[in-house]
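Written below as structure tokens is the structure these notes are about.
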Amino acid sequence: MLFFLQSRLSSAASFWPRALIANPLKVNMQTKLWTIIACAALPVLNGCGGSSAPPPPAVAFNCAAIKDFSLANLSVIRADRVEANTAKPADPFSGAPVGEYLPAHCVVEGAINARTGKAFSMNPATFTVSQVDASYAIGFELRLPKDWNGRFFFQGGGGLDGLLRQAVGVFDPQQGAAANALARGFAVVSTDAGHRGTSAFDGNFGADAQARIDYAYNAVDQVTLKSKDIVQRYYGKQPDKSYFVGCSNGGRQAMLASQRFASHFDGIVAGDPGFNLMNAVSNTLTDVLAVAAIVPPGATTPLGPDLGKAFSQADRALIGSAIVGRCDVKGRDNLADGIISDPQACDFNPQAHIPTCTGANDGTCLSVGQKGALAAMTSGGKTSQGAPLYSDYFYDAGFGSASWSIWKLDGIPVPLSPALTLSLGLNQIAGMDGPGKVFSTPANPGFSPFAFNPDADPAKFAEFGKLANATSTDLSAYKSRGGKLIMYNGNSDPLFSSKDIVRYHSALSAANGGDASSFARLFLVPGMAHCSGGPATDGFDPLTAIQTWVEQGTAPEVIVAKAGPFTPWPGRTRPLCAHPKVAVYKGTGSVEDASNFSCQ
91 MLFFLQSRLS
101 SAASFWPRAL
111 IANPLKVNMQ
121 TKLWTIIACA
131 ALPVLNGCGG
141 SSAPPPPAVA
151 FNCAAIKDFS
161 LANLSVIRAD
171 RVEANTAKPA
181 DPFSGAPVGE
191 YLPAHCVVEG
201 AINARTGKAF
211 SMNPATFTVS
221 QVDASYAIGF
231 ELRLPKDWNG
241 RFFFQGGGGL
251 DGLLRQAVGV
261 FDPQQGAAAN
271 ALARGFAVVS
281 TDAGHRGTSA
291 FDGNFGADAQ
301 ARIDYAYNAV
311 DQVTLKSKDI
321 VQRYYGKQPD
331 KSYFVGCSNG
341 GRQAMLASQR
351 FASHFDGIVA
361 GDPGFNLMNA
371 VSNTLTDVLA
381 VAAIVPPGAT
391 TPLGPDLGKA
401 FSQADRALIG
411 SAIVGRCDVK
421 GRDNLADGII
431 SDPQACDFNP
441 QAHIPTCTGA
451 NDGTCLSVGQ
461 KGALAAMTSG
471 GKTSQGAPLY
481 SDYFYDAGFG
491 SASWSIWKLD
501 GIPVPLSPAL
511 TLSLGLNQIA
521 GMDGPGKVFS
531 TPANPGFSPF
541 AFNPDADPAK
551 FAEFGKLANA
561 TSTDLSAYKS
571 RGGKLIMYNG
581 NSDPLFSSKD
591 IVRYHSALSA
601 ANGGDASSFA
611 RLFLVPGMAH
621 CSGGPATDGF
631 DPLTAIQTWV
641 EQGTAPEVIV
651 AKAGPFTPWP
661 GRTRPLCAHP
671 KVAVYKGTGS
681 VEDASNFSCQ
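Residue numbers (the numbering used here): 91 to 690.
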């Protein structure tokens with residue numbers, strides 16, 4: 091049923107989340123099921139494009155010649171010339187142009203290791219699933235600027251991939267494609283991770299063993315190698331420096347690159363990474379069970395209980411305001427500003443700090459069941475014996491927001507037509523094909539999130555986790571070659587817990603004599619949901635930070651971030667501090683200005 095509904099709705103591109111379609115960093119999610127400091131401050135980088143290396147050689151702007159390159163197991167599908175000031179990046183929702191015009195460049199589309207394999211297919215008349223022949227290749231898009239700065243940028247993917255995203259090099263969680271590495275002179279590549287689907291939640295490729303491997307890790311390796319071969323042939327030299335930037339699944343790919351493909355990249359940015367992916371999936375499915383248990387009688391959809399009916403919009407707003415009221419001024423956070431700067435000091439308890447309804451729920455209280463479900467979602471999923479499946483979460487200001495709800499409860503209803511709206515009543519993970527078709531071994535295309543067994547199913551996910559998880563703390567090869575890693579995570583991310591990445595960072599430090607800061611740093615973003623969104627200063631530039639670290643040797647202590655137009659404080663700036671430090675108000679000056687805060 092889910093695949094049938096998905097196939098009918100997947101053409102509505104305007105409802106696909108930014109992070110899962112064309113922009114792996116932009117996650118101001120507006121949908122349901124397909125629900126995803128500046129260069130001028132660094133003139134030493136030559137417009138964010140210079141280094142001590144000699145400038146790249148001048149090349150003829152001959153894009154068509156790329157089609158004649160002879161590369162093993164690679165076919166160039168197209169190699170088109172794009173003149174300067176004729177095209178802008180496309181908004182992933184509407185497809186409308188955004189930002190500044192792109193520079194003159196070649197856009198190359200290629201396919202690696204084309205073959206025939208298997209895919210799941212559903213008969214819409216009988217809802218039976220079978221395996222059919224399907225065409226596969228590791229697809230990529232590579233953009234080569236006429237005025238190249240000598241650098242390479244791998245743009246990470248999102249969700250289950252399966253889409254060839256516009257390779258412009260997104261790096262700012264808030265601005266998305268409007269801020270891009272191509273405009274700075276980088277050669278930029280993106281990939282579909284080895285399969286094509288109807289959306290980034292389409293798991294039909296899970297029937298094919300090689301496609302699962304390509305998605306898990308192989309596409310990152312192969313696309314990097316082949317696209318650098320094209321760079322070498324087109325420009326006459328290899329890149330001086332190479333970078334990987336991604337969020338969500340793109341963040342997982344980024345961390346995986348630091349662990350498995352140490353020679354490929356000099357600098358890596360991993361945002362809200364799904365590095366512990368299989369455990370996080372199990373956790374989200376326990377959320378489904380906890381919330382389904384309190385759905386009002388009769389609140390159902392074609393797929394099961396309508397999770398969105400468990401908490402009203404007033405309930406969700408109450409949760410966020412109660413957390414802020416309790417924890418806004420705690421620990422090192424000395425300012426009541428709607429931002430919980432020191433989440434580890436937060437001692438919020440829904441049982442004690444939200445009133446319990448004694449009668450009708452009027453938006454000023456929660457029922458006993460609602461409190462229990464909220465506590466269960468935040469403490470993390472467990473087996474029947476109480477063993478943790480993943481991680482607990484910080485209580486944070488973004489709880490209850492739309493960007494939080496789509497991963498814990500449901501998303502915005504999907505309009506089928508002007509007169510008909512369908513609410514699927516599922517959170518993002520429960521509404522995707524991944525758990526049954528891709529993550530489970532053996533594959534279970536008939537998997538229902540409401541039938542998840544926390545004692546048995548995680549073991550079925552663990553086998554795929556051996557391919558896809560990126561939890562190793564052995565970064566010795568990457569460290570020894572001088573590689574640098576920036577990780578960041580939203581404290582209101584309802585999918586990948588900031589507490590989990592804090593533990594990873596601590597383990598990485600322990601594996602490096604107690605301090606990994608010479609090559610790896612973590613930045614937590616208060617209020618930010620999954621990759622962006624929420625009441626947060628979620629607009630920042632990690633590309634400049636990682637480039638400065640790699641090329642100038644200056645490690646980032648602070649990254650300045652800006653609040654977007656839909657936050658309570660548009661334009662507010664705050665320092666994001668290298669963990670474990672947090673932003674502390676100096677006591678004087680505007681609280682809207684990052685310069686009046688220090689990292690302590």
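Glycine is no exception: its CB is placed at the ideal position from the N, C-alpha and C atoms.
So the beta strand (DSSP E) residue i belongs to, where does it begin and stop?
i, result
"alanine 549", "It is not in any beta strand (DSSP E) - alanine 549 instead sits in the alpha helix (DSSP H) that spans 547 to 558."
"arginine 241", "241 to 245"
"tyrosine 568", "Counting along the chain, tyrosine 568 falls outside any beta strand (DSSP E), though it belongs to the alpha helix (DSSP H) covering 566 to 570."
"alanine 673", "673 to 675"
"phenylalanine 687", "687 to 689"
"serine 280", "277 to 281"
My output table needs one value for residue i: the three-state DSSP class, helix, strand or coil.
i, result
"alanine 268", "helix"
"asparagine 175", "coil"
"histidine 620", "coil"
"alanine 224", "strand"
"valine 166", "strand"
"glycine 253", "Looking at the sequence provided, one finds leucine at residue 253 rather than glycine. Looking at leucine 253 - three-state DSSP - the assignment turns out to be coil, as it is neither helix nor strand."
"leucine 397", "helix"
"isoleucine 202", "strand"
"tyrosine 305", "helix"
"alanine 533", "coil"
"cysteine 436", "coil"
"cysteine 455", "coil"
"proline 525", "helix"
"cysteine 129", "In this predicted model, cysteine 129 has a pLDDT of only 34, less than 50, meaning its place in the structure is not dependable enough to derive any value."
"phenylalanine 540", "helix"
"glycine 229", "strand"
"asparagine 113", "With a pLDDT of only 35 at asparagine 113, under the threshold of 50, the placement of this residue in the model should not be trusted; the figure read from the coordinates follows. It is coil, neither helix nor strand."
"glycine 580", "strand"
"isoleucine 207", "The question names isoleucine, yet the displayed sequence has glycine at residue 207. Three-state DSSP puts glycine 207 in a strand."
Starting from the C-beta of residue i, find all residues in its chain whose C-beta is less than 6 angstroms away, skip the five residues before and the five after it, and write them out in chain order.
i, result
"arginine 168", "Glu199"
"arginine 233", "His195, Val197, Ala257, Leu272 and Val278"
"valine 528", "Gly293 and Gly296"
"phenylalanine 243", "Gly259, Ala271, Phe276, Val278 and Tyr333"
"threonine 657", "Pro625"
"glycine 524", "Leu250 and Gly293"
"lysine 157", "Val166 and Ala169"
With respect to the alpha helix (DSSP H) encompassing residue i, which residues constitute its N-terminal and C-terminal limits?
i, result
"aspartate 377", "367 to 382"
"tyrosine 325", "309 to 325"
"lysine 331", "Premise fails: lysine 331 lies in the beta strand (DSSP E), 331 to 337, not in any alpha helix (DSSP H)."
"serine 493", "492 to 498"
"cysteine 417", "403 to 417"
"valine 640", "632 to 642"
Across which residues does DSSP place residue i in a beta bridge pair?
i, result
"leucine 575", "Ile358 and Ala610"
"histidine 195", "Val172 and Pro235"
"serine 596", "DSSP output for serine 596 lists no bridge partner at all."
"leucine 666", "Ile649"
"proline 625", "Beta-bridge pairing links proline 625 to no other residue."
"methionine 212", "Val219"
"proline 478", "Lys472"
"alanine 299", "Paired residue(s): none; alanine 299 is not in a bridge."
"threonine 391", "Gly394"
Measure the alpha-carbon distance for residue i versus residue j and round it to whole angstroms.
i, j, result
"isoleucine 202", "tyrosine 307", "14 angstroms"
"serine 562", "glutamine 349", "7 angstroms"
"leucine 557", "aspartate 356", "23 angstroms"
"leucine 510", "lysine 420", "Residue placement at leucine 510 is flagged as unreliable, the pLDDT there being 41, under the threshold of 50; the coordinate-derived value follows with that caveat. Each residue's alpha carbon lies about 47 angstroms from the other."
"aspartate 304", "glycine 394", "33 angstroms"
"aspartate 330", "glutamate 190", "26 angstroms"
"asparagine 163", "alanine 155", "18 angstroms"
"histidine 595", "threonine 218", "45 angstroms"
"glutamate 682", "tyrosine 675", "10 angstroms"
"proline 387", "asparagine 581", "33 angstroms"
"alanine 404", "lysine 569", "48 angstroms"
"alanine 520", "threonine 374", "8 angstroms"
"alanine 567", "leucine 598", "14 angstroms"
"glycine 398", "leucine 499", "5 angstroms"
Going along the chain, which residues of its own chain have a beta-carbon closer than 7 angstroms to the beta-carbon of residue i, five neighbours each way excluded?
i, result
"aspartate 282", "Gly229, Asp251, Gly252, Leu253 and Leu254"
"serine 680", "Asn686"
"glycine 207", "Ala224, Tyr226, Asp298, Gln300 and Ala301"
Just to confirm my understanding: we take residue i, look at its own chain, exclude 5 residues before and 5 after, and list those with CB closer than 8 angstroms. What are they?
i, result
"lysine 472", "Thr376, Pro478, Leu479 and Pro544"
"alanine 383", "Gly459 and Ala463"
Under 8 angstroms, Cβ to Cβ, is there at least one residue of chain B near residue i?
i, result
"serine 165", "Absent from the structure is chain B; it holds one protein chain and no more."
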